[in-house]
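Take any residue in the sequence shown, note its place counting from 1, add 761, and you have its number in this note's numbering.
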Amino acid sequence: SAVVRPFFRDHFARLDHQIVLVDALSALNAGPAALSDLERALDSILVAFRVGRNSLMSALLRPRIEKVLFAATKADHLHRASHDRLEAILRRLVDRALARAREGGARIDVAALAAIRATREADVSKGGRSIAAIIGTPEAGQEAGGQVFDGSAEVALFPGALPADPDALFAASGAAFRGLASGPDSEADFRFLRFRPPAGIGAASPLPHIRLDRALQFLLGDRLR
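Dropping the structure here:
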């Protein structure tokens, strides 16, 4: 209480718009247990926040959080064809929190985004069929398919197909999918690597991103009118 309560008092007491960054891909990498832990953690976050529509009095004395954006990070680690599925998984993760927030009158949204886009997309032919892949430079030490990357070479990667129905990842048996925690990466259903930022970006040019503009519009659009 000596640390947490002052932190909320000093940093969250007057907030009325909030973004919660969610690394869902790391949980999918690890396995079903990590995904369940993430679901419980996200539920606890909104319990801690004062979420709901402000009255004149609460806006002056102790504002409630009227807008919350849950953002699934690292959307550039997936082909854009899977971005809607990542958003659906995030929506499933925060389902209970969404219901409570809406009861209080708060506006809630979810988005798959990347603050800096580190990959590009490509269609790769394999076995006579086209695969929606991503191309980027994995960080040194990252490993996939028995190969350890040195941080200098680009690779084309298919990290795994996210399910169309997010409920498929939350089987009660705890065996909905295989993660790295249960065996070698060759047996995992998903393998999301960490990528280096693209070369040549800097202050002279805008940073490549995915849906950062949408996030800013949701959080700040009403303040800029």
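All residues carry an ideal CB built from backbone N, CA and C; glycine is no exception.
Euclidean distance between Cα positions of S816 and D784: Within the sequence shown, residue 816 is the residue found at index 55, counting from 1. Within the sequence shown, residue 784 is the residue found at index 23, counting from 1. Below a pLDDT of 50, predicted positions are generally treated as unreliable, and S816, at 47, falls in that range; the measurement from the model is reported next regardless. Their backbone Cα atoms lie some 33 Å apart in a straight line.
Burial state of E827, where buried means 16 or more other Cβ atoms lie within 10 Å: Your numbering for residue 827 matches position 66 in the sequence shown. Under this definition E827 is a buried residue.
Range of the contiguous beta strand (DSSP E) that encloses A833: Reading the sequence shown from its first residue, position 72 is the one you call residue 833. A833 -> beta strand (DSSP E) spans 828-833.
Contacting residues, own chain, Cβ-Cβ under 8 Å from A836 (five flanking each side not counted): Mapped onto the sequence shown, residue 836 falls at position 75. For A836, where only same-chain residues beyond five positions count, the Cβ hits under 8 Å are H844, L847, A873, L874, A875, I971, R972.
Selected residue, minimal CA-CA separation from A802, among A791, H838, L854: One-based indexing of the sequence shown puts residue 802 at position 41. It is L854 whose Cα lies nearest to the Cα of A802.
Euclidean distance between Cα positions of D777 and R852: Indexing the sequence shown from 1 puts residue 777 at position 16. Indexing the sequence shown from 1 puts residue 852 at position 91. C-alpha separation (whole angstroms): 21 Å.
Between the CA atoms of F910 and G897 - distance to the nearest angstrom: To locate residue 897, count along the sequence shown from 1; it is residue 136. To locate residue 910, count along the sequence shown from 1; it is residue 149. Rounded to the nearest angstrom, the two C-alpha atoms are 12 Å apart.
Environment of E948 [buried if 16+ CB atoms lie within 10 Å]: If you number the sequence shown from 1, residue 948 lands on position 187. Classification for E948: exposed.
Bridge-paired residues (DSSP) for A897: Taking the first residue of the sequence shown as 1, we reach residue 897 at position 136. Checking the displayed sequence, the identity of residue 897 turns out to be Gly instead of Ala. Partner(s): V916.
Contact check, D804 vs R857, beta carbons under 7 Å: If you number the sequence shown from 1, residue 804 lands on position 43. If you number the sequence shown from 1, residue 857 lands on position 96. Against a cut-off of 7 Å, the Cβ pair of R857 and D804 comes out as a contact.
F979 versus G888: straight-line alpha-carbon distance, rounded: Against the sequence shown, residue 979 aligns to sequence position 218. Against the sequence shown, residue 888 aligns to sequence position 127. Each residue's alpha carbon lies about 43 Å from the other.
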